[in-house]
Amino acid sequence: MVIDWLPSILIVVLLLLGVIGMLRRASLWRAGQPEKVNIIAGLMAMPGRYLKDLHHVVERDKYMSKTHVATGGGFVLSMVLVLVVHVFKVEEQIVAWALLGALLLMLVGAFFVFKRRLNPPERLSKGPWMRLPKSLITFALTFIVLTLPAAGILPDGTGGVLLIAVLSVGIVIGLGELLFGMGWGGPMKHAFAGALHLAFHRRPERFGGGRSTGLKPANLDASVIGVAKPSDFKWNQLLGFDACVQCGKCQAMCPAFAAGQPLNPKKLIQDMVVGLAGGSDANYAGSPYPGKEVGQAKGSPNEIITAGLVSQETLWSCTTCRACVEECPMMIEHVDAIVDMRRFLTMEKGETPNKGSEVLENIIATDNPGGYAPGSRTNWAADQNLAVMKDKKEVDVLFWVSDGAFDMRSQRILRAFVKLMKAADVDVAILGDEERDSGDVARRLGDDATFQSLAKRNLATLGQYKFNKIVTTDPHAYHCLRNEYADFDKDGALAGVEVLHHTTFLNQLVQSGALKLDAFKGGKVTYHDPCYLGRYNGEYKAPRDLLRSLGIEIAEMERSGFRSRCCGGGGGAPITDIPGERRIADMRMEDASATGAELVAVGCQQCTAMLEGVVEPRPQVKDISEILVDQLIEEVH
Amino acid sequence: MPHKVISLISVGRHPQSGRSRRADQDSRAVELGLKLAGTDLDVVHAGNAEEPVLRQYAGMGLQKVTVLEQTETADAIPALSSYLKAEKADIVLTGVRSESGESSGMTPYLLAEQLGWPIVARVADIVEIKDGEAQVLLALPRGQRRQVTVKLPFIASIDNAAQAARQSAFGPGLRAKMDTQTGSTEEDNVRVNWSEAPAKARPKRLKVVKAKTAADRFKAATAKPQGGLGKVMKNESAQEKAQAIFDLLIEEKVIR
Ligand code: SF4
Ligand code: SF4
Numbered sequence: 001m002v003i004d005w006l007p008s009i010l011i012v013v014l015l016l017l018g019v020i021g022m023l024r025r026a027s028l029w030r031a032g033q034p035e036k037v038n039i040i041a042g043l044m045a046m047p048g049r050y051l052k053d054l055h056h057v058v059e060r061d062k063y064m065s066k067t068h069v070a071t072g073g074g075f076v077l078s079m080v081l082v083l084v085v086h087v088f089k090v091e092e093q094i095v096a097w098a099l100l101g102a103l104l105l106m107l108v109g110a111f112f113v114f115k116r117r118l119n120p121p122e123r124l125s126k127g128p129w130m131r132l133p134k135s136l137i138t139f140a141l142t143f144i145v146l147t148l149p150a151a152g153i154l155p156d157g158t159g160g161v162l163l164i165a166v167l168s169v170g171i172v173i174g175l176g177e178l179l180f181g182m183g184w185g186g187p188m189k190h191a192f193a194g195a196l197h198l199a200f201h202r203r204p205e206r207f208g209g210g211r212s213t214g215l216k217p218a219n220l221d222a223s224v225i226g227v228a229k230p231s232d233f234k235w236n237q238l239l240g241f242d243a244c245v246q247c248g249k250c251q252a253m254c255p256a257f258a259a260g261q262p263l264n265p266k267k268l269i270q271d272m273v274v275g276l277a278g279g280s281d282a283n284y285a286g287s288p289y290p291g292k293e294v295g296q297a298k299g300s301p302n303e304i305i306t307a308g309l310v311s312q313e314t315l316w317s318c319t320t321c322r323a324c325v326e327e328c329p330m331m332i333e334h335v336d337a338i339v340d341m342r343r344f345l346t347m348e349k350g351e352t353p354n355k356g357s358e359v360l361e362n363i364i365a366t367d368n369p370g371g372y373a374p375g376s377r378t379n380w381a382a383d384q385n386l387a388v389m390k391d392k393k394e395v396d397v398l399f400w401v402s403d404g405a406f407d408m409r410s411q412r413i414l415r416a417f418v419k420l421m422k423a424a425d426v427d428v429a430i431l432g433d434e435e436r437d438s439g440d441v442a443r444r445l446g447d448d449a450t451f452q453s454l455a456k457r458n459l460a461t462l463g464q465y466k467f468n469k470i471v472t473t474d475p476h477a478y479h480c481l482r483n484e485y486a487d488f489d490k491d492g493a494l495a496g497v498e499v500l501h502h503t504t505f506l507n508q509l510v511q512s513g514a515l516k517l518d519a520f521k522g523g524k525v526t527y528h529d530p531c532y533l534g535r536y537n538g539e540y541k542a543p544r545d546l547l548r549s550l551g552i553e554i555a556e557m558e559r560s561g562f563r564s565r566c567c568g569g570g571g572g573a574p575i576t577d578i579p580g581e582r583r584i585a586d587m588r589m590e591d592a593s594a595t596g597a598e599l600v601a602v603g604c605q606q607c608t609a610m611l612e613g614v615v616e617p618r619p620q621v622k623d624i625s626e627i628l629v630d631q632l633i634e635e636v637h
Numbered sequence: 001m002p003h004k005v006i007s008l009i010s011v012g013r014h015p016q017s018g019r020s021r022r023a024d025q026d027s028r029a030v031e032l033g034l035k036l037a038g039t040d041l042d043v044v045h046a047g048n049a050e051e052p053v054l055r056q057y058a059g060m061g062l063q064k065v066t067v068l069e070q071t072e073t074a075d076a077i078p079a080l081s082s083y084l085k086a087e088k089a090d091i092v093l094t095g096v097r098s099e100s101g102e103s104s105g106m107t108p109y110l111l112a113e114q115l116g117w118p119i120v121a122r123v124a125d126i127v128e129i130k131d132g133e134a135q136v137l138l139a140l141p142r143g144q145r146r147q148v149t150v151k152l153p154f155i156a157s158i159d160n161a162a163q164a165a166r167q168s169a170f171g172p173g174l175r176a177k178m179d180t181q182t183g184s185t186e187e188d189n190v191r192v193n194w195s196e197a198p199a200k201a202r203p204k205r206l207k208v209v210k211a212k213t214a215a216d217r218f219k220a221a222t223a224k225p226q227g228g229l230g231k232v233m234k235n236e237s238a239q240e241k242a243q244a245i246f247d248l249l250i251e252e253k254v255i256r
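Line by line, the protein sequences are chains L and Z.
According to full-length UniProt numbering, the stretch in the first sequence is residues 1 to 637, in order.
According to full-length UniProt numbering, the stretch in the second sequence is residues 1 to 256, in order.
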């Protein structure tokens, strides 16, 4: 009878429609700019990346990771076996039993998805995502019943035409979501796009426990610099946006979102999806950008993003803290996208908000953001008796002073660090007036031309001298020197040089016994991880080791380590100064106060400035080098 | 008929680093020019077309910069004045004085003299152009403005009180066309004989604050100077004028 064949026909038809949808989706990504990837190696590596790297992130939420393994694994297995049993009609009972097993696994997983969706946390998107667990359950149940005869549990032809009709509806609902929806932009799109995103990720170094945080250089010869339209992104960036599961983990971690600034990383990625597919955000069912209504954004691959899809303030609210990237289970690169779009605003439109334009102009004219005379860069060290590279030429440790040299508060950190180095008899010198701004702020503000110029000139200076290590107290300069200068280091000025943050270096000195320290006798101490030291460079340990070496038991904040919350000072955010409901620094200081600490230890002059800007009463703020220097046992020579 | 507006630009010098930059007043002249003429604004530089600073000006959104190509020691005035004449300019905007070179502030005056046009010095804004006349706001000390009406064509030197220049964008600056024409070959005789030295801040008269209360001090700091102390001497003899100056110097204890 024809009706007996209906399930098989439906399966094949929906599968084909799904594949057509996927091909169409892929063509949307191909509107992006070319970027070389290794297709074969990427595809081969994909299962491993899924099982290890992606699950490593999902694992942080045990409930979800187990649920996902059961549902996802169950579905993939069932889908293969459904084809074997119901399309190719393989009649081995054992196969049918295997299919039943896989479907049951999926059913259990789907049940837990259902449970989570009963009372979903705010960060999750609603809308079509709310029907997903029901579709999953429908799929599993339908095929369980459909498979019972093949497994020999029910006689063939049970239920007759009526049952087949009912099951056919189930197939349409279940496979409609899982196959058709996968290709045509339903919630299941994430599985298909996500798998390919893992295969063709723009930063393959991130897999297998690696880290890749340096921004990619902008092409300054392009006819339009930066990203103006969705089609200006690399094709695999577009693919990455499409992988978003709208889990909102990024939103939950975003300091700008929490401060009520008009940014929500999840919504931003969804707006990018709107841009690449064309249309409006009317169907978006998650939290909005704070203070902005949903439904007004429109875009298409060839329309300017900031002319209707995403507002400029949204892009300038980001502190580039990378909390979202660290948290995203789909390994989406929000910061890259945001800076790409800022590049267009700064280098093509000249629309860096607030103090941005002034700061950039200062950096261009004086190599420091404050516009101070370059010849006064070493004034802070007048009484420090520090050797200068111009005279020394060769040294063990080059101390990269950074722009803290112009700021009185930061100078206290610099002096403390110098004193520690002297106590440990380190062979050290500075560049003096030959040093320039690292380019960090310029780059985060979208002015890659100025960053590249600074990087090249700094490298040319560094190339004249010999040193084994570069040490800096500024995590932003540290990040640039360690992760971003290599793209411009044609002559190998930094080849073989160890780039260290001062906490790492001081920890080495303490461990080797070169620094003798007394026990710390103050009150409770907490430690704030600077984003550019922690998430950007993976250094969580050395600062803590140092504090412990003083006998301090660190009262950890709830958000610490890789989940540390930004102080609000990164990415040029204090310069562009987009208003919100609260200040990020205030929120961070509340985190610190909640531990009952009297002292917040930090490892960054920018964090120090931001946290000290919070009104008293609040815990004291000190750089680790300042804490150490107070406990230094000075030996009389 | 749209008016022909020309902004003249020079190579500036950053006060702290001494490095070349777009000059503050000149870039305000470009900003005002953009307000008056939009993309029709003609921006002109007499000097080297390879000068990177020109790109900083162009980054304000200029399609092209006209460069009257000439060497550094050549006089800019002849080239500029013949260009302005040939282009039938209605309004020419310059800075009050350049930040490098002679920095004499003479350029607008010499041009006005050669062209026989009026000059309005220290302009804060040009409000309206109508019927061959322009409503111009002059910048006076302490944020005061004076409105004057000037017949076209004229030359205006732009004060620091004018609208600050917009941000310079790298991309458009890089891509702008440098439209080169031959400038003058005439040596700048004055300049050749000058020697350059870093400018010293002009000595300021010490203010003797007699105020007793905060309110008085606030007034002293903000109120416009009260007239009445000065004296205009027009008809007196040179002897009398000199005596008056001499008396003042003694009174101010500059000489004793
Ligand atoms: S980098 Fe930080 S501030 Fe920017 S979107 Fe991500 S979480 Fe928010
Ligand atoms: S961008 Fe990543 S973390 Fe944010 S909602 Fe999408 S999948 Fe989740």
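Ideal Cβ positions, reconstructed from N, Cα and C, are used throughout, including at glycine.
Remember, predicted model here, so these are calculated numbers, not experimental data.
Residues near residue i by beta carbon distance below 7 Å, same chain, minus five either side
{"i": "Gly308/L", "result": "Ala297, Lys298 and Gly299"}
{"i": "Phe417/L", "result": "Thr473, His502 and Ser625"}
{"i": "Val274/L", "result": "Ser280, Asp281, Ala297, Gly299 and Leu309"}
{"i": "Lys229/L", "result": "Pro301, Asn302, Glu303, Ile304 and Ile305"}
{"i": "Glu327/L", "result": "Lys249, Cys250 and Met253"}
Closest by C-alpha distance to residue i, when choosing among the options
{"i": "Gly570/L", "options": "Arg535/L, Gly181/L and Pro7/L", "result": "Arg535/L"}
{"i": "Glu394/L", "options": "Trp380/L, Lys422/L and Ile430/L", "result": "Ile430/L"}
{"i": "Thr39/Z", "options": "Ala176/Z, Lys204/Z and Leu248/Z", "result": "Ala176/Z"}
{"i": "Asn362/L", "options": "Leu386/L, Ser564/L and Gly371/L", "result": "Gly371/L"}
{"i": "Val499/L", "options": "Lys516/L, Cys480/L, Leu517/L and Ser512/L", "result": "Cys480/L"}
{"i": "Asn236/L", "options": "Ala31/L, Met589/L, Val615/L and Val497/L", "result": "Ala31/L"}
{"i": "Gln312/L", "options": "Glu351/L, Val69/L, Ala277/L and Glu92/L", "result": "Glu351/L"}
{"i": "Arg117/L", "options": "Val108/L, Met130/L and Leu105/L", "result": "Met130/L"}
{"i": "Gln452/L", "options": "Tyr63/L, Ala486/L and Arg544/L", "result": "Ala486/L"}
Beta-carbon contacts of residue i that lie in its chain and below 6 Å, excluding the five residues immediately before and after
{"i": "Leu367/L", "result": "The amino acid at residue 367/L is misidentified as Leu; the sequence shows Asp. Same-chain partners within the cutoff: Pro374, Arg436 and Asp437."}
{"i": "Val136/L", "result": "The identity of residue 136/L in the sequence shown is Leu, whereas the question assumes Val. Ala110, listed in sequence order."}
{"i": "Asp489/L", "result": "Leu459"}
{"i": "Val359/L", "result": "Pro369 and Ile575"}
{"i": "Phe112/L", "result": "Thr67"}
Other residues of its chain near residue i: CB distance less than 8 Å, five sequence neighbours each side excluded
{"i": "Gly596/L", "result": "Lys524 and Ala555"}
{"i": "Thr73/Z", "result": "Glu187, Asp188, Arg191 and Val192"}
Ligand 1 heavy atom lying under 7 Å from the CB of residue i
{"i": "Cys244/L", "result": "no"}
{"i": "Phe139/L", "result": "no"}
{"i": "Pro574/L", "result": "no"}
{"i": "Phe257/L", "result": "yes"}
Cβ-heavy atom distance, residue i to ligand 2, below 7 Å
{"i": "Lys266/L", "result": "yes"}
{"i": "Glu394/L", "result": "no"}
{"i": "Gly375/L", "result": "no"}
Within-8 Å CB hit, residue i to chain C
{"i": "Thr576/L", "result": "Looking at the structure shown, chain C is missing, and the protein chains on hand are L and Z."}
Length-filtered (4 minimum) alpha helix (DSSP H) runs lying within the segment 329-394 of chain L: 334-343, 356-366 and 389-392
So within the segment 125-181 of chain Z, which uninterrupted beta strand (DSSP E) runs reach at least 3 residues, ignoring any that extend past its ends? 133-139, 145-151 and 154-158
The segment 408-426 of chain L / the segment 608-616 of chain L touching (three or more Cβ pairs under 8 Å): yes
Measuring CB atoms only, is the segment 314-325 of chain L touching the segment 560-578 of chain L, in the sense that at least three cross pairs come out at less than 8 Å? yes
Does the segment 183-192 of chain L come close enough to the segment 13-33 of chain L to have 3 or more Cβ pairs within less than 8 Å? yes
Which runs of the alpha helix (DSSP H) fall wholly inside the segment 74-98 of chain Z and span at least 4 residues, in chain order? 76-87
At least 3 beta-carbon pairs within less than 8 Å: the segment 39-57 of chain Z vs the segment 117-133 of chain Z: no
Is there contact here, the segment 330-348 of chain L with the segment 49-67 of chain L, by at least three beta-carbon pairs under 8 Å? yes
Unbroken stretches of the alpha helix (DSSP H), 4 residues or longer, contained in the segment 35-123 of chain L: 39-48, 55-58, 62-68, 74-82 and 93-118
Sufficient close CB pairs (3 or more, under 8 Å) joining the segment 342-350 of chain L to the segment 65-79 of chain L: no
Under 8 Å: do the segment 119-127 of chain L and the segment 239-254 of chain L share three or more Cβ pairs, one atom per stretch? yes
Indicate whether the contact test is met: 3 or more Cβ pairs, each with one atom in the segment 90-99 of chain L and one in the segment 256-269 of chain L, closer than 8 Å. no
For the segment 159-179 of chain Z against the segment 61-69 of chain Z, do three or more pairs of beta-carbon atoms, one drawn from each stretch, fall closer than 8 Å, so that the two count as touching? yes
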